[in-house]
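See below for the structure under consideration.
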Amino acid sequence: MYLTKEIKEEIFAKHGKGKNDSGTAEAQIALFTHRINHLTEHLKNNRKDFNTERSLVKLVGKRRALLDYLTKKDILRYRAIVKELGLRK
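Using this note's numbering, the first residue of the sequence shown is number 8, and each one after it goes up by one.
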């Protein structure tokens, strides 16, 4: 499995307030980004996997909603997470 407990804890420790902090917007955005990158790689090999494509679109929408929320709440946190994850070119 690509998303083990250890990987989640590592993501939450790096982007959240601690290894068990799964609630902050930054931690959720980082987790969604990890999952989006994995699904993107899967779809490069399996072009006709439409269920995965649908899941990818839903995940991107969820991440976009969290990024919009973070923009409204605290623009500095938004800029920090975007820069850290490399979301904007």
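Even for Gly, the Cβ is constructed at its ideal location relative to N, Cα and C.
- Going by C-alpha positions, F19 is about 32 Å away from K55.
- Setting aside the 5 residues that flank it on each side, G25 has no residue in the same chain whose C-beta is closer than 6 Å to its C-beta.
- When the beta-carbon positions are compared, L66 and I36 stay at least 7 Å from each other.
- Across the structure, E33 and H22 are spaced so that their CA atoms are roughly 6 Å apart.
- Rounded to the nearest whole angstrom, the C-alpha separation of T47 and L63 is 8 Å.
- A distance below 7 Å separates the beta carbons of Y9 and H45.
- Around I88, the same chain offers E33 and I36 as residues with beta carbons nearer than 6 Å, after the five sequence neighbours per side are excluded.
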